[in-house]
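Note that UniProt numbering has the sequence shown beginning at 1, numbered continuously upward.
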Amino acid sequence: HEDYAQMRPATEFTPIDYPKPDNVLSFDKLTSVFLSNTNHEENQPCHLVLKDSSVPLSKNLPLYAEPAQRYCPAGVYEIVESEAGEASFQINSQNCVHCKTCDIKDPAQNITWVTPEGGGGPNYPNM
């Protein structure tokens with residue numbers, strides 16, 4: 001079975017209240033992204049392409065509580081609210097560690113990962 005097809009509605013689950021990172025054994029997502037030495041050229045086209053930009057807010061948010069916010073290990077995807085209270089789907093592509101989880105896991109198969117321009121991405125020098 002395809003992974004994305006196994007997604008179930010958020011109403012079937014109790015939200016998990018994770019403890020805050022202790023910065024000794026556990027770290028927040030952005031600190032972990034920093035440690036990956038991820039680098040992308042400035043002003044390049046976004047390499048994370050939405051087939052339909054309305055899907056994250058119109059379908060994934062009400063049904064699945066927009067799972068990209070949680071399955072992405074690098075905090076690339078966020079639902080942000082304006083001062084007026086309007087939600088928008090934000091893609092922080094500069095944080096992407098090229099794991100392609102979004103391409104595999106998105107329940108609507110709406111996110112396509114394409115190779116970024118400039119050869120940027122994570123650099124794991126000690127591996």
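In this text, a Cβ means the ideal position worked out from N, Cα and C, and glycines have one as well.
This one's a predicted model, so the numbers in the text were calculated from it and none came from an experiment.
{"Check": "Minimum length 4: unbroken alpha helix (DSSP H) runs contained in the UniProt domain \"ETF-QO/FixX C-terminal\" (24–124)", "Outcome": "29–35, 61–64, 68–71, 101–105"}
{"Check": "Contacts around I91, its chain only, beta-carbon distance under 7 Å, and the 5 residues preceding and following it disregarded", "Outcome": "C46, L48, V76, Y77"}
{"Check": "Sub-8 Å separation of Y4 and I104 beta-carbons", "Outcome": "yes"}
{"Check": "Proximal residues to N37 (C-beta, below 8 Å), its chain only, five neighbours per side dropped", "Outcome": "P122, N123, Y124, P125"}
{"Check": "Given R70 as reference, the closest of M7, E86, S82 once Cα atoms are compared", "Outcome": "M7"}
{"Check": "Beta-carbon proximity of N95 to A74, cut-off 8 Å", "Outcome": "yes"}
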